[in-house]
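For the sequence shown, position 260 (counting from the first letter as 1) is numbered 321 according to our numbering, and the numbering increases by one without interruption.
For every residue, glycine included, the Cβ atom is placed at its ideal position computed from N, Cα and C.
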Amino acid sequence: MSGAGRSARTRPLLAALAGLVALALSLGGCALGPVVSGSDPNSGVADDFDPTQGVPAELQQFYGQQLDWSDCGDGADCAALTLPLDWSQPQGDTVSVALARKAADGSGHHRALVMNPGGPGAPALEYATDKSYRDYFFGSALQREFDIVTFDPRGVAGKSTPVRCVDAQQMDHYLYDLPAAPRGTPAYIAEAEASSKAFGAACQANTGPLLGHVDTASVARDLDVLRAALGQPQLDYLGYSYGTRIGATYADLFPDRVGAFVLDGAVDPSLSAEDMLVEQVGGFESAARSFLQNCVSNASCPFTGTADEAATQLAALIGGLDQHPLSVADGRQLGSDTMVTAISSALYSRSQWGALARAITSVSQGDARGAMALADQYNSRSADGTYEDNSTEVLTAVNCIDLPADQTPEGVQRLNERIRAAGPVFGQFQANGTAMCSGWPVPPTAAPHKVSATGSAPIMVIGTTGDPATPYAWAQSLADQLDHGFLVTNVGEGHTAYNSMASVCITRAVERFLVAGEQPADGLRCE
62 MSGAGRSART
72 RPLLAALAGL
82 VALALSLGGC
92 ALGPVVSGSD
102 PNSGVADDFD
112 PTQGVPAELQ
122 QFYGQQLDWS
132 DCGDGADCAA
142 LTLPLDWSQP
152 QGDTVSVALA
162 RKAADGSGHH
172 RALVMNPGGP
182 GAPALEYATD
192 KSYRDYFFGS
202 ALQREFDIVT
212 FDPRGVAGKS
222 TPVRCVDAQQ
232 MDHYLYDLPA
242 APRGTPAYIA
252 EAEASSKAFG
262 AACQANTGPL
272 LGHVDTASVA
282 RDLDVLRAAL
292 GQPQLDYLGY
302 SYGTRIGATY
312 ADLFPDRVGA
322 FVLDGAVDPS
332 LSAEDMLVEQ
342 VGGFESAARS
352 FLQNCVSNAS
362 CPFTGTADEA
372 ATQLAALIGG
382 LDQHPLSVAD
392 GRQLGSDTMV
402 TAISSALYSR
412 SQWGALARAI
422 TSVSQGDARG
432 AMALADQYNS
442 RSADGTYEDN
452 STEVLTAVNC
462 IDLPADQTPE
472 GVQRLNERIR
482 AAGPVFGQFQ
492 ANGTAMCSGW
502 PVPPTAAPHK
512 VSATGSAPIM
522 VIGTTGDPAT
532 PYAWAQSLAD
542 QLDHGFLVTN
552 VGEGHTAYNS
562 MASVCITRAV
572 ERFLVAGEQP
582 ADGLRCE
């Protein structure tokens, strides 16, 4: 699969992943004091709740199932949910979705807070089963008042029914191989499209019918069965990044079942694949400018002069890797595309700016190890050459079925022109960004559309002004689309806002809303 990596190397600009947490977890957490609750914490649970009430007969076997929880370590329990493969044919084949639950620290019965960290394709069970993850993503107030529940959506490898495409060696080729043709030429575009088609064929051969049923609407319907199985008349939900798309879709499908919803790092479901890619290029471009502005103020910065001059130097460094890639010990080469992945990976969190500066310095000196480590971190590749999950496969499968794109030569040319205009540094390396879905074997089943969730309970939408992956404008748009959406603005850099490192302002707003239903003041901005 030589040259197959180009389509996947645009991944940072088609993904909306939860913020990179490995480094942040090592920094420790900070917890807000007890939240004053204005409501009974048991109010979300009804003793006489009937999960099948009002459910069509053909779906009652799913809505009425009992979860068989078993200990899976660190005080957590795990179970599996059985769901229709095809929601339009519920009497057909089924899939399994893995669940994890950490019971609330407080006494008595509690509501369940379901969380999704993003993706598409991010595994989620460890956010409930691993204390370090729990403490990073859930403040003490949430852990005290809620059972924390996470799930691996359909298609995610592990214990859910997975999407499978290629082995680790083939994935290395797909993600890291250098293109044979010069960038931007017809041969380059044809090579990218051919490799994407080959990858899609492998996914279809190794996954089967599931490949056509990993769309976000199916995941949202799965989520409603999970709500019922947890004994919750309404769903309480915390979604990050792509998890906000799941949450917004759920709210639009089941507005009367919306409980306390927080959507952090919002995706705008009304955007086309092309618009999303162009705006993400702009988001990463802005984040890179912020990084460079900070960098040039430090003596150790690998760039000189102003931030604009540094941007020119960065673009030249990336472009130079097209002609002169750098090798690492395992035989892989750091080319321009993988360097863009490395930079994009670090721009998800300001805490990684130092590592990024060091990696760029090393690349300028002929050492690719630091940059390759950042790219590997993004791609979930371990040092031994194995992949920790199947996030690349799932991300591609979900995006290609959710987001139809114009793959005509004219459409590709128009998109490439827009991308280059949006990103003076990154644009030239992200052109042809929708090629990942070229020749995909499963036709799209969805289309961009506005959501309203008419009649739902209030929904909190959080946007971070310097978010590279889900630009702030997306949060503004989603909050406006929702019938009862309201926006909380986090002024800062990085992807998503609420975690143990969040400001007191964000922490208080999120936790008081989830626990007690208290809405913050209109137009809240957390500096």
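Nonlocal neighbours in the same chain, by C-beta distance under 7 Å from residue i, ignoring five residues either side
| i | result |
| --- | --- |
| residue 192 | 135 |
| residue 267 | 225, 226 |
| residue 513 | 313, 542, 543, 544 |
| residue 452 | 180, 182, 183, 441 |
| residue 281 | 307, 310, 311, 314 |
| residue 218 | 450, 451 |
| residue 124 | 112, 113, 116, 286, 289 |
| residue 155 | 143, 144, 145, 146 |
Proximal residues to residue i (C-beta, below 6 Å), its chain only, five neighbours per side dropped
| i | result |
| --- | --- |
| residue 334 | 464, 466, 495 |
| residue 436 | 399, 402, 403 |
| residue 128 | 140, 290 |
| residue 340 | 532 |
| residue 120 | 151 |
| residue 457 | 497 |
| residue 288 | 296 |
| residue 592 | In this structure the chain extends from 62 to 588, so residue 592 is not present and cannot be described. |
C-beta contact flag for residue i and residue j at 8 Å
| i | j | result |
| --- | --- | --- |
| residue 395 | residue 434 | no |
| residue 275 | residue 571 | no |
| residue 566 | residue 505 | no |
| residue 342 | residue 483 | yes |
| residue 283 | residue 215 | yes |
| residue 153 | residue 144 | no |
| residue 163 | residue 202 | no |
| residue 516 | residue 317 | yes |
| residue 159 | residue 238 | no |
| residue 576 | residue 547 | no |
| residue 326 | residue 305 | yes |
| residue 368 | residue 384 | no |
Of the residues the options, the one placed nearest residue i, counting alpha carbons only
| i | options | result |
| --- | --- | --- |
| residue 519 | 377, 229, 511, 574 | 574 |
| residue 499 | 343, 254, 317, 340 | 254 |
| residue 511 | 330, 197, 379 | 330 |
| residue 256 | 267, 231, 116 | 231 |
| residue 555 | 357, 375, 351 | 351 |
| residue 486 | 405, 582, 538 | 405 |
| residue 194 | 578, 562, 577, 415 | 562 |
| residue 303 | 258, 246, 324, 528 | 324 |
| residue 286 | 344, 370, 175, 581 | 175 |
| residue 479 | 337, 251, 327, 196 | 337 |
| residue 190 | 246, 133, 155, 235 | 133 |
| residue 262 | 507, 559, 359, 501 | 501 |
Where residue i sits in the DSSP three-state scheme
| i | result |
| --- | --- |
| residue 163 | strand |
| residue 587 | strand |
| residue 87 | In this prediction, residue 87 has a pLDDT of 28, which is less than 50 and means its spatial position is unreliable; nothing more can be read from the coordinates. |
| residue 433 | helix |
| residue 211 | strand |
| residue 322 | strand |
| residue 143 | strand |
| residue 570 | helix |
| residue 297 | strand |
| residue 138 | strand |
| residue 205 | helix |
| residue 195 | helix |
| residue 336 | helix |
| residue 384 | helix |
| residue 223 | strand |
| residue 531 | coil |
| residue 328 | coil |
| residue 177 | strand |
| residue 449 | coil |
| residue 365 | coil |
| residue 128 | coil |
| residue 546 | strand |
| residue 158 | strand |
| residue 477 | helix |
Residues of its chain near residue i, where Cβ-Cβ distance is below 8 Å and the 5 sequence neighbours each way are ignored
| i | result |
| --- | --- |
| residue 391 | 446 |
| residue 448 | 229, 232, 440, 441, 442 |
| residue 131 | 138, 139, 140 |
Assess contact between the region 173-183 and the region 267-274, defined as three or more Cβ pairs (one per stretch) separated by less than 8 Å. Is contact present?
no
With a threshold of 8 Å, are at least 3 pairs of Cβ atoms found where one atom belongs to the region 190-209 and the other to the region 242-252?
no
Taking 8 Å as the cut-off, does the region 292-306 touch the region 105-125 (at least 3 CB pairs, one atom from each stretch)?
yes
Given 8 Å as the limit, is there contact between the region 538-547 and the region 302-316, that is, 3 or more CB pairs closer than that?
Three or more beta-carbon pairs separated by less than 8 Å link the region 538-547 to the region 302-316, which places the two stretches in contact.
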